[in-house]
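When we follow my numbering, the leftmost residue of the sequence shown carries the number 7, and every step to the right adds one. The C-beta atom is built at its ideal place from N, Cα and C for all residues, glycine as well.
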Amino acid sequence: MTRVRTASGPTVGFAALAILLTLGVPSASPQTVLEPASTPGAAIQVAPPDTEIEQFLTRARVVSKRDAGKGVTGSIRATLSDGTMTHDAHIQVVDEYRREFRSRAGMELDFRDSWMFNVAAYKLDRLLGLGLVPVSVAGNLGRQPAAITWWIDDVVMDEGKRLKEGISAPSDRAAYWSEQLHMMRLFDELIYNTDRNMGNMLIGSDWRIWGIDHTRAFRKHTRLRNPALVVRCDRAVFQRLKALDQQTLARETRGFLDGGQVRAILARRDLIVAKIESIGGAALFDRQSHTQPAALLTSAP
């Protein structure tokens with residue numbers, strides 16, 4: 007198995023990230039080569055179906071482990087094997103509650119930082135048909151409960167590196183890139199993610215975006231963090247979002263979210279739906295498939 011090391015980028019707060027993403031960046035730097043794929047999916051590693059990944063992550067054992075090199079919650083990168091497949095996983099065991107928590111963003115009451123929210127984010131992502139969050143299951147690291155998340159191999163850089171080096175999506179992927187950004191922003195508003203920094207937004211060689219590390223999401227606020235970021239939505243996702251009901255959401259996230267968190271998601275959902283509907287048909291688009299041929303992004307020697 008070929009592994010691509012995730013590039014480390016600066017950690018910047020959500021507000022700064024939103025501004026930078028809105029303004030855009032200069033064209034690609036000389037250190038970056040954009041090459042058209044000779045065949046659909048060329049040089050892109052294709053992961054197994056979600057159900058197979060879930061089964062693997064659930065039954066595989068840890069062969070080796072080391073520090074993941076990112077984050078502040080002691081994340082672990084582990085190599086797993088079930089005897090047939092070998093692949094890396096991102097393991098997080100953090101499960102912390104504080105009545106008061108101070109950070110650069112200010113004071114937060116009833117602060118929670120939990121591995122369980124990684125699994126909840128994955129389940130909600132798939133309920134809506136987003137495909138932005140890697141497969142994540144509940145498991146154990148030794149005697150500690152943990153989220154075990156599929157390690158994304160096909161990562162060329164994170165958002166921090168993209169902005170630092172002034173790399174832009176090629177013209178044939180510009181719309182695809184923009185659509186993903188809109189969906190990532192909408193999802194972060196839906197789950198009230200307080201920790202979307204540039205290091206946990208990963209970019210594949212086909213310009214696919216992956217959002218990782220959702221341990222500080224799912225606050226119980228019934229408002230949106232930044233309503234101005236909700237401006238566009240994929241048409242199919244919007245229909246699933248409107249149809250999402252409390253019974254389904256509670257069932258799919260049972261054991262990872264409590265009733266208050268479920269109700270808060272639905273309250274924020276209502277605000278998102280109202281915002282999109284107030285904009286009208288111009289807010290909706292039909293998203294490009296993740297499997298379409300792409301211009302590949304590769305690092306020059």
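Under the three-state DSSP convention, the category Pro151 falls into: Counted from its first residue, the sequence shown places residue 151 at position 145. DSSP places Pro151 in strand when its eight states are reduced to three.
CA nearest to the CA of Ala256, picked from Ala66, Phe244, Gln150, Ala270: The residue labelled residue 256 in the question sits at position 250 within the sequence shown. Selected option, being the one with the closest Cα: Ala270.
At least 3 beta-carbon pairs within less than 8 Å: the region 109–121 vs the region 165–173: no
Same chain, Cβ closer than 7 Å to Thr221, five either side skipped, listed in chain order: Translated into positions along the sequence shown, residue 221 becomes position 215. Thr79, Gln98, Val100, Asp119, Ser120, Trp121, Phe123, Asn124.
Secondary structure of Trp156, DSSP reduced to three states: Position 150 of the sequence shown, counting from 1, holds the residue named residue 156. In the structure shown, Trp156 sits in a strand (DSSP, three-state: E or B).
Inter-stretch contact (C-beta, 8 Å, three-pair minimum) for the region 242–249 and the region 205–215: no
Helix, strand or coil at Ser35 according to DSSP, with G and I counted as helix: Working through the sequence shown from its first residue, we reach residue 35 at position 29. Unreliable placement is indicated for Ser35, whose pLDDT of 35 sits below 50; no coordinate value is reported for it.
His93, enclosing alpha helix (DSSP H) - first and last residue: Taking the sequence shown and counting its residues from 1, the one referred to as residue 93 is at position 87. Element bounds for His93: not the alpha helix (DSSP H) but the beta strand (DSSP E), 92–98.
Residue range of the unbroken alpha helix (DSSP H) whose run includes Arg246: Here residue 246 refers to the residue found at position 240 of the sequence shown. Per DSSP, Arg246 belongs to the alpha helix (DSSP H) from 241–249.
Secondary structure of Ser184, DSSP reduced to three states: In the sequence shown, the residue the question calls residue 184 occupies position 178. Looking at Ser184 - three-state DSSP - the assignment turns out to be helix.
Any 3 or more C-beta pairs closer than 8 Å across the region 183–191 and the region 230–248: yes
Buried or exposed (CB count within 10 angstroms, at least 16 for buried), Ala180: Translated into the one-based positions of the sequence shown, residue 180 becomes position 174. The residue is exposed, with fewer than 16 neighbouring Cβ atoms inside 10 Å.
Buried/exposed call for Asp292, threshold 16 Cβ in 10 Å: Taking the first residue of the sequence shown as position 1, residue 292 is located at position 286. With fewer than 16 Cβ atoms within 10 Å of its Cβ, Asp292 is classed as exposed.
The region 259–274 / the region 124–139 touching (three or more Cβ pairs under 8 Å): yes
Rounded distance between the beta-carbons of Arg275 and Leu314, thought under 8 Å: Residue 314 cannot be examined here, being either before or after the span of the chain that is shown, 7 to 307.
Outcome for Ala288 when other beta-carbon atoms lying within 10 angstroms are tallied against a minimum of 16: Stepping through the sequence shown from its first residue, residue 288 is reached at position 282. That one is exposed.
Residue from Leu136, Leu272, Trp216, Arg225 with nearest C-alpha to Trp156: Position 150 of the sequence shown holds residue 156. Checking every option, the nearest Cα to that of Trp156 belongs to Trp216.
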